[in-house]
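Undergrad: Sending over a structure as structure tokens; questions will come in a sec.
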Amino acid sequence: MDRVRPLEGKTAIVTGASQGIGRGIALCLGRAGAQVVVNYLDDSAAASSVVEEIERAGGAAVAIQADVTKRADAERLVARTVDAFGTIDILVNNAGTGLSKPFAEFTEADWDLLIEVDLKSVFLCCQAAGAVMRRQGSGAIINIASVAAKLALPYRTVYSTIKAGVMMFTASLATEWAPHHIRVNCIAPGTILTPLVEKNFATGSLEPDKVLDRTPLRRFGEPEEIGQAVVFLASDAAAYITGQTLAVDGGWSIWGGWTPEQALREMP
Amino acid sequence: MDDREKGFNLTAVRQSTVDEGFSPLPRVGNVLASGVLMMRAVIPPMKKQRSGSIINTASGVGIRPRPTLAAYCASKGGVIALSKAAATELGDDGIRVNALCPGMIDTEMTRRVIESHPDPEEALARMMLNYPLGRMGTVEEVAYAALFLASPESSYITGTAFPVDGGRTLH
Numbered sequence: 287m288d289r290v291r292p293l294e295g296k297t298a299i300v301t302g303a304s305q306g307i308g309r310g311i312a313l314c315l316g317r318a319g320a321q322v323v324v325n326y327l328d329d330s331a332a333a334s335s336v337v338e339e340i341e342r343a344g345g346a347a348v349a350i351q352a353d354v355t356k357r358a359d360a361e362r363l364v365a366r367t368v369d370a371f372g373t374i375d376i377l378v379n380n381a382g383t384g385l386s387k388p389f390a391e392f393t394e395a396d397w398d399l400l401i402e403v404d405l406k407s408v409f410l411c412c413q414a415a416g417a418v419m420r421r422q423g424s425g426a427i428i429n430i431a432s433v434a435a436k437l438a439l440p441y442r443t444v445y446s447t448i449k450a451g452v453m454m455f456t457a458s459l460a461t462e463w464a465p466h467h468i469r470v471n472c473i474a475p476g477t478i479l480t481p482l483v484e485k486n487f488a489t490g491s492l493e494p495d496k497v498l499d500r501t502p503l504r505r506f507g508e509p510e511e512i513g514q515a516v517v518f519l520a521s522d523a524a525a526y527i528t529g530q531t532l533a534v535d536g537g538w539s540i541w542g543g544w545t546p547e548q549a550l551r552e553m554p
Numbered sequence: 147m148d149d150r151e152k153g154f155n156l157t158a159v160r161q162s163t164v165d166e167g168f169s170p171l172p173r174v175g176n177v178l179a180s181g182v183l184m185m186r187a188v189i190p191p192m193k194k195q196r197s198g199s200i201i202n203t204a205s206g207v208g209i210r211p212r213p214t215l216a217a218y219c220a221s222k223g224g225v226i227a228l229s230k231a232a233a234t235e236l237g238d239d240g241i242r243v244n245a246l247c248p249g250m251i252d253t254e255m256t257r258r259v260i261e262s263h264p265d266p267e268e269a270l271a272r273m274m275l276n277y278p279l280g281r282m283g284t285v286e287e288v289a290y291a292a293l294f295l296a297s298p299e300s301s302y303i304t305g306t307a308f309p310v311d312g313g314r315t316l317h
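In order, the protein sequences belong to chains A and B.
For any residue, its number in my numbering is found by taking its place in the first sequence, counting from 1, and adding 286.
For any residue, its number in my numbering is found by taking its place in the second sequence, counting from 1, and adding 146.
Encoded structure:
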């Protein structure tokens, strides 16, 4: 296997790839040799700039608009990918949204939005792309969950529940589609520096210092650090890995909450 | 296999927690002590350069234990917890610590275990029922995971228990 371009000749769809983590994933996949479908909802200019950046680096990419919470759109996304590149080898379910607020104030519309964007889109895209992968007898699916899928945090009751759903969806589908040689894995990012997170810092709904206090590596992640993990899981290097949720979180999810100095100081 | 080799090669020790003679201490202690000593040796230079990646080999049984291998399961669960504890202490110095958790890998040792069954082919088929991918892993597949964890490609990954097990620990 080529370690520099392990995905040469493969075709990948990344949902929600016009910005943030999705953009980082698309760039890494392009660099690894994959032909990349940059899916976006409404920002065609941002999606085009991701395509251009991949092409400038010598890769191949197209932008395809689709609202992946709609079955017809998900199916059109898959059909147009096959038209453009002839196959689908990799599906990255990245499109998603977050919402933090007191549970008592959560509306039914909030619930429906999160369920549709964070979970139903995964269901629809896996069925649509999975049909192609099952025919060809191979494929790799990577879902993006969150550190909140495994850790309980206040004001994220609904978000955490749904992301935990993505984790279990991953594991269950992995057992079901293993006989078709389709691997299904998940990544649980910690706090990654994206426009969304920077907005949350600005509005005060996320406090940078508090996050860093809980992160053993003491820094935020970069979108391309998620992209590199996606490349690994999508490649043949991970041919024996399926159903797993890989934490790419600087150690957040194993943290006891104390810095080593605090822990020493506060020892009985 | 002499006693010394047995001390490290815990798969050879078939014991359950309720066996009267069962004492996990010497064997589990050996595995953890060797991990601690090795880490202690490499941490100072890693701290000096403010970067490093430590990979401890645990096992899927540290996540999903199985019967009759109590000491082995305990030692591998210990390696996972040890790795996580070290990761929380060393993150500030830019040192990452992860635990590799292989499933059944096609090695000489595994082959010896399979061949020791009266009907090796049937035994292997039965073992593979627990593996969604339906096969043993290769040595290279474990090595690729180690390479990934050693490389800057995993620069934001620390403290994980990293299964390379064809899905064995899923169910």
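Heads up, the beta-carbon is just placed ideally off N, CA and C, and yes, glycines get one too.
Run through DSSP, which three-state label would A/V290 get?
TA: Coil.
Undergrad: On the CB-based measure, 16 or more other CB atoms within 10 Å of its CB, does B/V164 come out buried or exposed?
TA: Burial call: exposed.
Undergrad: Please classify B/D197 as buried or exposed, where buried requires at least 16 other C-beta atoms within 10 Å of its C-beta.
TA: The question names Asp, yet the displayed sequence has Ser at residue 197 of chain B. Exposed is the call here.
Undergrad: Report the rounded CA-to-CA distance for A/S261 versus A/G536, giving the unit in angstroms.
TA: Nothing about residue 261 of chain A can be read from this structure; chain A reaches only from 287 to 554.
Undergrad: Do you know offhand how far B/P298's Cα is from B/L236's?
TA: Answer to the nearest angstrom: the Cα atoms are 17 Å apart.
Undergrad: At the level of alpha carbons, what is the spacing between B/S262 and A/L519?
TA: Cα-Cα distance, rounded: 35 Å.
Undergrad: For a test of the three-state rule: what should DSSP assign to B/S205, helix, strand or coil?
TA: Reduced to three states, the DSSP call for B/S205 is coil.
Undergrad: Please report the distance separating the alpha-carbon of A/V368 from that of A/V324.
TA: If you take the alpha carbons of A/V368 and A/V324, they lie about 14 Å apart.
Undergrad: Is there a Cβ from chain C that is less than 9 Å from the Cβ of B/F294?
TA: No chain C appears in this structure, whose protein chains are A and B.
Undergrad: Which ranges would you report for the beta strand (DSSP E) in the region 296-332 of chain A if only whole runs of at least 3 residues count?
TA: DSSP runs (the beta strand (DSSP E)) wholly in the region 296-332 of chain A: 297-300 and 321-326.
Undergrad: Per DSSP, what kind of secondary structure is B/T315 in: helix, strand or coil?
TA: In this structure, B/T315 counts as helix in the three-state DSSP scheme.
Undergrad: Going by other Cβ atoms of all chains shown within 10 Å of its Cβ, with 16 needed for buried, is A/V408 buried or exposed?
TA: It counts as buried.
Undergrad: Does the Cβ-Cβ distance between B/G356 and A/P502 come in under 9 Å?
TA: Residue 356 of chain B cannot be examined here, being either before or after the span of chain B that is shown, 147 to 317.
Undergrad: Return no unless some Cβ of chain B is closer than 9 Å to the Cβ of A/W397.
TA: Not one chain B Cβ lies under 9 Å of A/W397.
Undergrad: What residue range does the alpha helix (DSSP H) around A/L498 cover?
TA: Start and end: P494 to D499.
Undergrad: Quick one: list the residues of chain B neighbouring A/Q422, beta-carbon separation under 8 Å, in chain order.
TA: Ordered by position in chain B, no residue passes the 8 Å Cβ test against A/Q422, which lies about 17 Å from the chain.
Undergrad: Around the Cβ of B/V310, are there at least 16 other Cβ atoms within 10 angstroms (buried) or fewer (exposed)?
TA: Buried, because 16 or more other Cβ atoms sit within 10 Å of the Cβ of B/V310.
Undergrad: Can you check which of these residues, A/N380, A/V516, A/G344 and A/A370, is closest to A/V354 by C-alpha distance?
TA: The residue with the shortest Cα to Cα distance from A/V354 is A/N380.
Undergrad: Please state the DSSP three-state secondary structure of A/N380.
TA: Looking at A/N380 - three-state DSSP - the assignment turns out to be coil, as it is neither helix nor strand.
Undergrad: Alpha carbon to alpha carbon, what distance is there between B/M282 and A/A415?
TA: Taking the straight line joining both Cα atoms gives about 28 Å.
Undergrad: If you run the structure through DSSP and keep just helix, strand and coil, what is A/Q422?
TA: Three-state result, A/Q422: helix.
Undergrad: DSSP on B/I303, reduced to helix/strand/coil?
TA: B/I303 falls in the coil class under three-state DSSP.
Undergrad: Measuring straight from C-alpha to C-alpha, what distance separates A/F392 and A/I307?
TA: Each residue's alpha carbon lies about 26 Å from the other.
Undergrad: What residue does the beta strand (DSSP E) around A/V469 start on, and which one ends it?
TA: Per the sequence shown, the amino acid found at residue 469 of chain A is Arg instead of Val. Run containing A/R469: I468 to P475, per the beta strand (DSSP E) assignment.
Undergrad: Excluding the five sequence neighbours on either side, which residues of its own chain have a C-beta within less than 6 Å of the C-beta of A/G319, listed in chain order?
TA: Closer than 6 Å at Cβ, skipping near neighbours: R291, L293 and E294.
Undergrad: What first and last residue would you give for the beta strand (DSSP E) that runs through B/A245?
TA: Counting along the chain, the beta strand (DSSP E) containing B/A245 begins and ends at I241 to P248.
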